[in-house]
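Colleague: I have a structure I would like to understand better, so I am pasting it below and will then ask my questions one at a time.
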Amino acid sequence: MMKSRGWVVYPLLIISSLLLFFPIVYAFLVSFMSGTDVMNRSFLPSIWNWSNYERVFETVPLMRYLMNSFIVSTGVMLGQLVVCAFAAYAFAFIPFKGRNAVFLLFISTLMIPWEAAMIPNFLTIQAFGWMNSYLSMTVPFFALAFGTFLLRQHFKTVPHELMEAADIEGLSKFATFYKVVLPYCRTSLVTLGIYGFLTTWNMYLWPLLVTTNDEKRTVQIGLKQLQTVEVATDWGVVMAGVIIVIIPTLLLLFIGQKQLQKGLTQGALK
Amino acid sequence: MSSSSVTVVEERILQYGRKEKLSWWGKTKNFRTAMLYLFPSILLFSIFLFYPMLRTVYLSFFLTDAQGVASLFVGFENFAYILQSSVFRKSMVSTLLFVLYTVPSSVIIALFLALLANEKLRGIGFFRTILSSTMGMSVAASAVIWLFLFHPTVGILNSFLNIIGISSIPWLLDPQWALISIAITTVWMNTGFAFLVILGGLQNIDQHLYENAEIDGAKYRYQLRRITLPMLSPTLFFIITITFINSFQSFGQVDILTQGGPAEATNLIVYAIYRDAFINYQFGTASAQALILFILVFGLTILQFKFGEKRVHYQ
Amino acid sequence: MKKVTLSHVSKSYDQQSFAVDDVNVEINPGEFFVLVGPSGCGKSTMLRMIAGLETITAGDLSIGENRVNHMPPSKREISMVFQNYALYPHLTVEENILFGLKARKMNKIERNERCQEAADLLGLTPYLQRKPRELSGGQRQRVALARTVVSQRPICLLDEPLSNLDAKLRGYMRTEIRQLQKKLGITMIYVTHDQVEAMTMGDRMMVLKDGKVQQVGTPLSIYNQPKNLFVATFIGAPPMNTLPLSLSQDRSLMFMNEKISLATPVSWRTLLNTKDHFHLGVRPEQVFPAEEVLEPSIKFDVTIEDTEVLGNETHFTFTLGKATWKAKWQGQWPKNIGDLLSLAVPLEAAYLFDTDTEEIFYSGQVQLSEGVQVL
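Protein chains in written order, with the UniProt record's numbering: chain D, 1 to 270; chain U, 1 to 315; chain W, 1 to 375.
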């Protein structure tokens with residue numbers, strides 16, 4: 001039964017994969033093309049050379065942007081893990097009065113699109129003097145209802161005997177948190193970490209608003225800049241930029257795919 | 001908890017209990033500890049979500065200066081203004097059309113791919129990786145790649161069309177095609193995430209159900225209709241809502257591909273807000289539009305909770 | 001060493017009924033004390049109240065001379081072994097054993113010394129660097145015990161520690177835990193639903209049902225002198241046979257049902273003077289072939305409905321009135337289903353229970369309770 005289905009499934013899989021992956025593959029190929037290749041709409045570069053990659057670093061301060069993106073993404077990732085883990089711990093393990101009310105408060109944040117709040121946020125950031133600062137791109141994203149729910153869900157799977165054993169040994173609540181709960185739930189922390197890094201690395205609108213000079217700009221804004229500067233002249237250079245920008249996230253995705261898939265369905269549905 | 005008459009338990013406590021009187025401080029211990037853990041989240045939500053949301057409501061009733069300071073209370077005039085403005089109405093129409101183009105196609109394509117990738121075949125891991133790859137793609141990178149593919153002179157899409165005998169399409173130049181082009185880009189970007197979520201949902205379905213159906217001799221199509229789709233309904237409902245909300249929030253692809261043009265055809269709501277607020281410094285009308293966006297997303301999320309909640313039990 | 005005293009200890013979750021109902025007991029230092037009862041009888045709740053993991057609704061709990069109702073678990077000088085061992089999956093065996101000592105900031109040299117000792121004692125030395133998931137069930141159990149050993153706390157609470165093991169290993173671990181307790185000289189309070197564990201391990205045991213204490217005593221005294229019908233049928237395998245009987249007007253006949261009756265033994269008549277009904281209880285090993293019993297007895301003939309030959313003993317199942325009974329005979333008996341058996345129960349092996357209160361009111365064994373050799 002399964003075997004015979006393969007004959008239908010493989011061709012379909014191959015065709016869909018080709019179609020879906022084509023833009024990425026093509027961007028990769030173009031990044032090695034000369035201007036003439038591009039003009040001729042060639043499919044493969046006539047000569048493979050790295051000159052586009054050298055030039056992209058000369059055109060825009062891409063190194064700087066990469067570093068900014070890396071700092072911002074790592075910052076959000078760590079901040080999110082800490083803030084969400086704390087909140088999730090309270091929800092999962094501390095029976096306090098008003099827990100349902102606070103939980104509802106968290107749920108309500110899911111209903112506010114960031115874009116609807118961005119105008120006052122922009123004004124707030126200006127008032128804080130956080131324009132062109134890493135702070136403006138990291139701190140507002142530390143608290144995350146989705147991340148809190150994801151972790152809470154996993155925290156609740158910690159056998160209560162483990163917590164009680166720690167209680168009998170005399171561990172404080174906080175020590176139980178970081179010595180028992182966090183190590184037990186490593187996998188969901190990794191999932192949330194990957195998710196946080198990915199989404200931050202790919203953030204576009206907000207960095208566009210809060211950065212006005214090259215100093216703190218992220219790669220995504222760099223891509224837009226590159227495209228506006230280079231569009232008439234050389235697509236090869238632009239695509240080299242694109243490839244450099246997507247490599248970290250694609251790698252992360254490929255490594256963490258299984259985890260991410262599990263985590264997303266759990267956090268979303270339960 | 002307490003009943004009017006004295007229960008056996010209360011009686012026993014009176015007899016043998018030396019109930020320690022807990023001070024107010026002692027009674028609220030759990031609450032205080034919990035708040036300590038919740039404080040960072042609540043603080044951040046307050047500053048960057050609840051406060052700005054209220055401020056948005058507030059601003060939408062005012063005319064503002066270029067610094068965003070409310071200068072003149074105008075009541076519902078901002079709303080009246082945007083509702084009458086042809087630009088806003090066009091933006092709403094484009095947004096709704098865009099949602100209509102992207103949501104069903106994203107979900108159907110992702111479902112199709114997930115069903116394929118759920119088969120237990122050799123090398124399926126590789127295909128799953130490829131099919132989920134667009135989840136790692138940023139809006140900017142995707143938009144730049146598609147900008148190139150759509151390009152009137154060097155774009156390869158038109159070359160393909162020419163090869164199979166179709167004349168070139170004015171992808172980003174024609175108002176109608178421009179919206180479709182942006183929709184294509186968006187669907188492509190959506191696929192990875194939706195695929196991953198649906199695949200997760202498929203893998204959560206108990207394999208015994210299928211084995212049982214196989215024994216009963218049920219055909220693939222029957223299994224799909226009677227087992228897969230019903231069991232998958234919570235996941236599908238979830239991903240439909242998420243795709244809806246994401247579509248309403250599309251910005252980057254517009255900014256890079258069309259800047260809202262040609263002829264305002266792709267001026268989607270978030271882009272319209274962005275333009276009003278950060279290019280024209282009309283914070284009042286921008287806030288009014290932001291409020292409308294909020295209401296749309298809010299309604300959709302409520303819907304997800306109402307229906308989603310009921311169906312999740314199924315699993 | 002400190003004794004554990006419970007006085008009027010009660011627990012209620014819903015403010016309406018008791019999960020643990022007015023328990024009074026004194027557990028002596030160095031004693032192996034077993035709490036036994038069917039699931040839901042409140043035995044685990046009781047243990048968890050002693051541990052401090054549950055609050056006490058009413059009554060006093062003392063360890064030594066101090067009332068500890070509100071003392072946090074870590075201050076009670078106890079260790080605890082859980083049903084699924086509560087091993088930290090991310091830590092090695094050694095780290096698991098030392099977890100508590102590290103939490104108490106004990107110095108490294110002493111810590112390692114104790115770990116070595118415990119590992120030797122329990123045969124865990126080769127596994128110290130492994131993770132719990134690489135161990136078998138029995139080894140995990142030993143790691144949990146090693147934690148108790150290194151803690152050197154005088155009281156150890158065990159909550160159904162053997163129920164996740166297979167039968168053979170369970171038998172082996174029973175002896176091992178028992179020996180460990182004797183070697184360390186600590187108090188062990190042990191919860192189980194398995195009456196065999198209770199009988200074989202405990203110095204004393206407490207039988208619980210519906211949150212109420214049924215009986216406290218040594219395993220043999222409880223076996224020989226059960227206080228009521230529940231204890232009688234709960235302790236012992238196969239369980240005690242029981243039979244509801246109603247008496248004729250003049251107390252000379254005991255009716256099993258409308259038709260069948262037995263003659264009331266003369267020595268019982270005064271005893272039964274005030275009763276209309278009662279329950280007769282007889283241990284399966286006290287149901288003998290009629291020809292072997294010479295002393296005063298109750299005799300009856302039955303048809304065999306099932307036989308189980310267990311090698312060195314044989315069980316027969318038959319119906320008496322409305323009850324299903326078993327007889328347990330030493331050796332192998334070539335009998336078939338459908339065969340007739342003539343049976344006799346010595347009067348001194350009979351227990352009589354009040355039908356309404358289910359309390360015992362007569363036991364033929366009272367006189368032989370001292371030099372017991374019934375098993």
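Note that the Cβ used here is the ideal one computed from N, Cα and C, for glycine as well.
Closer than 8 Å is the cut-off here; do at least three beta carbon pairs connect the stretch 40-57 of chain W with the stretch 140-149 of chain D?
Modeller: No: the two stretches stay apart, fewer than three of their Cβ pairs being nearer than 8 Å.
Colleague: Along the stretch 49-65 of chain W, what residues have a CB closer than 7 Å to any CB found in chain U?
Modeller: Those residues of the stretch 49-65 of chain W that come within reach of chain U (Cβ to Cβ, closer than 7 Å) are Thr57, Ala58, Gly59.
Colleague: Measuring alpha carbon to alpha carbon, tell me which of W:Ala323, W:Leu61, W:Asp14 ends up nearest Asp22 of chain W.
Modeller: Among W:Ala323, W:Leu61, W:Asp14, the Cα nearest to that of Asp22 of chain W is on W:Leu61.
Colleague: Does the CB of residue 320 of chain U have a neighbour CB from chain D at under 8 Å?
Modeller: In the structure displayed, chain U extends from 1 to 315; residue 320 of chain U sits before or after that span and is not available.
Colleague: Measuring alpha carbon to alpha carbon, tell me which residue in U:Leu179, U:Gln304, U:Leu196 is nearest Ala263 of chain U.
Modeller: Ranking U:Leu179, U:Gln304, U:Leu196 by Cα distance to Ala263 of chain U puts U:Leu179 first.
Colleague: To the nearest angstrom, how far is it from the Cα of Glu94 of chain W to the Cα of Phe106 of chain D?
Modeller: When rounded, the distance between both Cα atoms is 41 Å.
Colleague: Taking the alpha-carbon of Glu313 of chain W as reference, which of W:Leu343, W:Pro238, W:Leu245, W:Lys2 has the nearest alpha-carbon?
Modeller: The shortest Cα separation from Glu313 of chain W among W:Leu343, W:Pro238, W:Leu245, W:Lys2 belongs to W:Pro238.
Colleague: Just mark Ile163 of chain U as buried or exposed, buried being the case when its beta carbon has 16 or more other beta carbons within 10 Å.
Modeller: That one is exposed.
Colleague: Return the chain-ordered ranges of every alpha helix (DSSP H) run that is complete within the stretch 183-211 of chain U and spans a minimum of 4 residues.
Modeller: Segments of the alpha helix (DSSP H) lying fully in the stretch 183-211 of chain U: there are none.
Colleague: When DSSP builds the beta bridges, which residues end up paired with Asn241 of chain W?
Modeller: Answer is W:Val282, bridged to Asn241 of chain W.
Colleague: For chain U, is any of its Cβ atoms less than 8 Å away from the one on Gln16 of chain W?
Modeller: Yes - at least one Cβ of chain U is within 8 Å of the one on Gln16 of chain W.
Colleague: Exposed or buried, what is Ser46 of chain D when buried is set at 16 or more other beta-carbons lying within 10 Å of its beta-carbon?
Modeller: By the 10 Å Cβ count, Ser46 of chain D comes out exposed.
Colleague: Taking only three categories from DSSP, how would you classify Gln15 of chain U?
Modeller: The answer is helix: DSSP assigns Gln15 of chain U an H, G or I state.
Colleague: Closer than 8 Å by beta-carbon distance: list the chain D residues that pair up with Ser79 of chain W, in chain order.
Modeller: Simply Ile168.
Colleague: Between which two residues does the beta strand (DSSP E) holding Gln215 of chain W run?
Modeller: Counting along the chain, the beta strand (DSSP E) containing Gln215 of chain W begins and ends at 212-217.
Colleague: With a threshold of 8 Å between beta carbons, is Phe298 of chain U in contact with chain D?
Modeller: Phe298 of chain U counts as touching chain D.
Colleague: What's the C-alpha gap between Gln15 of chain W and Ser39 of chain W?
Modeller: Taking the straight line joining both Cα atoms gives about 21 Å.
Colleague: Can you list, in chain order, the residues of the stretch 6-36 of chain U whose Cβ is nearer than 9 Å to any Cβ on chain W?
Modeller: So the close ones are Thr7, Val8, Val9, Glu10, Arg12, Ile13, Leu14, Gln15, Tyr16, Gly17, Arg18, Lys19, Glu20.
Colleague: Does the CB of Arg133 of chain W have a neighbour CB from chain D at under 8 Å?
Modeller: Arg133 of chain W does not count as touching chain D.
Colleague: Would you check if the stretch 102-122 of chain W and the stretch 147-167 of chain W touch, i.e. whether three or more CB-CB distances between them fall below 8 Å?
Modeller: With the cut-off at 8 Å, the stretch 147-167 of chain W and the stretch 102-122 of chain W touch.
Colleague: Given a threshold of 16 other Cβ atoms within 10 Å of its Cβ, counted over all protein chains shown, does Ala167 of chain W qualify as buried or as exposed?
Modeller: Its Cβ having fewer than 16 others within 10 Å, Ala167 of chain W is exposed.
Colleague: According to DSSP, Leu340 of chain W sits in a beta bridge with which residue or residues?
Modeller: According to DSSP, Leu340 of chain W bridges with W:Thr303.
Colleague: When you check each C-beta in the stretch 228-244 of chain U against every C-beta of chain D, which residues fall closer than 7 Å?
Modeller: Under the 7 Å Cβ criterion, the stretch 228-244 of chain U contributes Pro234, Thr235, Phe238.
Colleague: Along chain U, in chain order, which residues have C-beta atoms closer than 9 Å to that of Ser10 of chain W?
Modeller: Under the 9 Å cutoff, chain U gives Val9, Arg12, Ile13, Tyr16, Gly17.
Colleague: Determine the chain A residues that contact Ser163 of chain W at a beta-carbon separation under 8 Å, and present them in chain order.
Modeller: In the structure shown, chain A cannot be found, because the protein chains are D, U and W.
Colleague: Which whole-angstrom value describes the C-beta separation of Ile198 of chain U and Ala114 of chain U, a residue pair presumed to lie in contact below a C-beta threshold of 8 Å?
Modeller: Confirmed, Cβ separation roughly 4 Å.
Colleague: Can you check whether the CB of Gly202 of chain W is closer than 8 Å to the CB of Pro219 of chain W?
Modeller: Cβ distance < 8 Å, so Pro219 of chain W and Gly202 of chain W count as in contact.
Colleague: Quick check: the Cα distance between Thr218 of chain D and Val237 of chain D, rounded to an integer number of angstroms?
Modeller: Looking at the two C-alpha atoms, the distance is approximately 18 Å.
Colleague: Under DSSP, the beta strand (DSSP E) around Gly196 of chain D begins and ends at which residues?
Modeller: Careful: Gly196 of chain D lies outside any beta strand (DSSP E), inside the alpha helix (DSSP H) at 186-201.
Colleague: Hey, Glu119 of chain U and Val9 of chain D: beta-carbon distance below 8 Å or not?
Modeller: Yes; because the gap between Cβ atoms is below 8 Å, this pair is in contact.
Colleague: Consider the Cβ of Lys164 of chain D: report whether some Cβ of chain U lies at a distance smaller than 8 Å.
Modeller: Here the sequence assigns Glu to residue 164 of chain D, which means Lys is not the residue at that position. Judged by the 8 Å Cβ criterion, Glu164 of chain D is not in contact with chain U.
Colleague: With a threshold of 8 Å between beta-carbons, can Ser39 of chain W be considered close to chain D, or not?
Modeller: It does not: the Cβ of Ser39 of chain W has no partner Cβ on chain D nearer than 8 Å.
Colleague: Go ahead and pull the three-state DSSP assignment for Met80 of chain W.
Modeller: Note: Met80 of chain W maps to strand in three-state DSSP.
Colleague: Rounded C-beta distance between Gly75 of chain D and Tyr134 of chain D? I'm assuming under 8 Å.
Modeller: Correct: roughly 6 Å between the Cβ atoms.
Colleague: If you reduce the DSSP assignment to three classes, tell me which class His154 of chain D lands in.
Modeller: His154 of chain D falls in the helix class under three-state DSSP.
Colleague: Rounded to the nearest angstrom, how far is the Cβ of Arg318 of chain W from that of Glu305 of chain W, given a contact under 8 Å?
Modeller: Note on identity: in this sequence residue 318 of chain W is Phe, with Arg being the wrong assignment. Going by Cβ atoms, the distance from Phe318 of chain W to Glu305 of chain W rounds to 5 Å, so yes, they are a contact pair.
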